[in-house]
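Residue numbers (the UniProt record's numbering): 1 to 681.
In what follows, a single structure is set out as structure tokens and then discussed.
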């Protein structure tokens, strides 16, 4: 029935549809747009038959196809950065481990005699660099000379290992590295800390050294105990190369194979290194660690809880065990007065990632207690992460948002670009702008013009795009940044020829034209707007396939609306606002309240050919309000849907929202819908 309304061919399985048509459509689109995507040109026009969708998948099409690079092949791909990448969060968590006696055997601490043992005089230095041929020297002589040069260079010479005077020694060091004893291997890794920082991890001598040491560790780790592996991993952490080490990558996998045999100190330290690497071997499952954590969590300090929480967060693995989440929140509340800020931040990150709807009210109570006791005293980043937990459960509470806004306005200079993006996201989600002097949105727009944020925006285009999109939802339009983000040059640089332009670019363009400064015109080409709207639209419901709760409600509302209005000729399912990915039901009533047939030209009009403005009065738009479109504790639409209501009214429609929480509990749905459709709004 719905197929005939759309003038489309019979529905097919969404999975089959995507497999059959995704590559074909994208390839043909790319072929036609190659080298001229951002110039006036004739774009690929997709046949109307490809508009046929099914709601059985609620993912964007672009999320279906993703390229997975085997970790073993890509583990050393991220070498193009300085070796000094360790974050303050990791450093503070490492200090926690250093200060606990249980970790003393597996955490490296510099021996006070190390420097004394390898200190050399100026004459001895000259003798070492004067050696013409190191090939005849023993492995012992090579390693002692290398370490002595590191200590000498750190205190007197102040040059990196890439100095050409060390080339011959480094070359032989690499050749004889496999002959080192365990103690010599450890001392060599310690010595790397003493060399002044190289400009790059790929500078010739430095690259050879750490690659050779990593190769030796990789060859030997299978014979090491868990404690020995953890100790060696700590050395790699200390030289700030843990993300690049193949040994660490494989060693974490070996430890994880029998995680039930670990004690809880070994488990915490292992998870700490996982958080530092931010990537896991495909064979590692943190679900096994969850089971282990549940058994031992009462033995952990709140700082250790934060360490494993950060590991789950940085590896993008939500904690699925509800008991663990409840215990973490309870423990934080109990130690609210003494918990360190960095610890609280790490825990809040994991709670946001691991949100579960069944504990929404408990989570809301947790956020309330944070607001009452801690939010005013913590730093801005901590406050943002606390509020971000609320965004996952969508509980509306103005007080913590106001506290966050005041904290930001008091010193906006401490906020990074992504911090401002998160703040504006929170404000736009709740559609609530706290009263501040000056206005918080004005401060953010002003901050965006500062050099440090301009530079960050160039390096993080997606963050900037999201920030500007959230601003447009709040009817704030930083014109200079919009012009830049949607310019041909920026789009070409950000997306090259893959045509995977983010949907927020489309939404910014439409929001600006519909609600922005008078006279604003579209910045994206018409054919590109149609393509993006088509790609990011969700499927229309099909009774032949599995439907989720929203799909079933959409189909019920569509069928009953058609019946109440007198037949299919009185309703039209389409996208009046193509930058919103869900379709709506349109109908028209005359002055007497009688339904009017939909004109044929509207039925044959392409779905994504721009906004659908009304030319006569009496047009109505039925929006199906899913659970996630509303706040959890109050019957208020989220900011994006409130923007949709505003824009529908600008186009001349009378919006009619059917909330899911009313619909599901309604015994006589037909009478309920009749009242909504024919009562003047």
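Backbone N, C-alpha and C fix where the C-beta goes; we use that ideal spot for every residue, glycine too.
Practice problem: Identify the continuous beta strand (DSSP E) that holds residue 232 and give its terminal residues. | Solution: Here residue 232 belongs to no beta strand (DSSP E); instead the alpha helix (DSSP H) covers 226 to 238.
Quiz item: Taking 8 Å as the cut-off, is the CB of residue 186 close to at least one heavy atom of the ligand FAD?
Solution: Of the ligands one can find in the structure shown there are none, so the ligand FAD has no counterpart to examine.
Quiz item: With respect to the beta strand (DSSP E) encompassing residue 639, which residues constitute its N-terminal and C-terminal limits?
Solution: It is not in any beta strand (DSSP E) - residue 639 instead sits in the alpha helix (DSSP H) that spans 639 to 650.
Exercise. Please determine, among 654, 636, 678 and 89, the residue with the shortest C-alpha to C-alpha distance to residue 344.
Key: 89
Exercise. May I ask which residues mark the beginning and end of the alpha helix (DSSP H) holding residue 400?
Key: 398 to 410
Quiz prompt | Residue burial classification, residue 150 (beta-carbon count within 10 angstroms, cutoff 16) | solution = buried
Quiz item: With contact counted as at least three CB pairs below 8 Å, one residue from each stretch, are the region 603 to 613 and the region 468 to 482 in contact?
Solution: no
Quiz item: Using CA coordinates, which residue listed in 459, 361, 522 and 516 is at the minimum distance from residue 486?
Solution: 522
Self-check item: Length of the line joining the Cα atoms of residue 517 and residue 445
Solution: 16 Å
Practice problem: Mark residue 267 as exposed unless 16 or more other C-beta atoms lie within 10 angstroms of its C-beta, in which case mark it buried. | Solution: buried
Quiz item: By the 10 Å Cβ neighbour count, where 16 or more other Cβ atoms means buried, how is residue 140 classified, buried or exposed?
Solution: exposed
Quiz item: Tell me which same chain residues have a C-beta within less than 6 Å of the C-beta of residue 234, skipping the five on either side of it?
Solution: 107 and 108
Practice problem: Output the distance between the C-alpha atoms of residue 242 and residue 536, rounded to the nearest integer angstrom. | Solution: 39 Å
Quiz item: Closest by CA to residue 387, which one among 326, 372, 367 and 152?
Solution: 367
Quiz prompt | Cut-off 7 Å between Cβ atoms - residues of its own chain near residue 432, not counting five sequence neighbours on either side | solution = 398 and 401
Quiz item: Buried or exposed: where does residue 274 fall if 16 or more other Cβ atoms within 10 Å of its Cβ makes it buried?
Solution: buried
Quiz item: When we look at the beta-carbon of residue 689 and count the other beta-carbons within 10 Å, is it buried (16 or more) or exposed?
Solution: Past the edges of the chain, shown from 1 to 681, lies residue 689, and the structure says nothing about it.
Quiz item: From residue 513 to residue 524, what does the alpha carbon distance come to, in whole angstroms?
Solution: 11 Å
Quiz item: Is there contact here, the region 455 to 465 with the region 424 to 439, by at least three beta-carbon pairs under 8 Å?
Solution: no
Quiz item: When the Cα atoms are used, what is the spatial distance from residue 590 to residue 674?
Solution: 16 Å
Practice problem: Give the secondary structure of residue 624 by DSSP, where H, G and I count as helix, E and B as strand, and everything else as coil. | Solution: strand
Quiz item: What are the boundary residues of the beta strand (DSSP E) that includes residue 574?
Solution: 572 to 574
Practice problem: Identify every residue that forms a DSSP beta bridge with residue 659. | Solution: 625
Quiz item: What whole-angstrom Cβ distance do residue 252 and residue 281 have, given they're in contact under 8 Å?
Solution: 7 Å
Exercise. From the DSSP output, in three-state form, read off residue 587 for me.
Key: strand
Practice problem: Consult DSSP for residue 619 and reduce its assignment to one of helix, strand or coil. | Solution: strand
Exercise. Leaving aside the five residues before and after residue 649 along the sequence, list all residues of the same chain whose C-beta is less than 8 Å from its C-beta, in chain order.
Key: 655
Quiz item: Could you give the C-beta distance for residue 259 and residue 289, rounded to a whole number, given that I count them as a contact under 8 Å?
Solution: 6 Å
Practice problem: Would you decide whether residue 165 is buried or exposed? Buried here means 16 or more other CB atoms lie within 10 Å of its CB. | Solution: exposed
Exercise. Please state whether DSSP places residue 345 in a helix, a strand or coil.
Key: helix
Self-check item: Bounding residues of the alpha helix (DSSP H) (the contiguous stretch that carries residue 451)
Solution: 451 to 459
Quiz item: Would residue 348 be called buried (16 or more neighbouring beta carbons within 10 Å of its own) or exposed?
Solution: buried
Exercise. Between the Cα of residue 509 and those of 494, 552, 549 and 465, spot the shortest distance and give me the residue it belongs to.
Key: 465
Exercise. Starting from the Cα of residue 615, find the closest Cα among 601, 627, 628 and 94 and give me that residue.
Key: 601
Practice problem: Counting only the same chain and skipping the five closest in sequence on each side, list residues whose C-beta sits under 7 Å from that of residue 135. | Solution: 172
Self-check item: Pairwise C-alpha distance: residue 152 and residue 116
Solution: 11 Å
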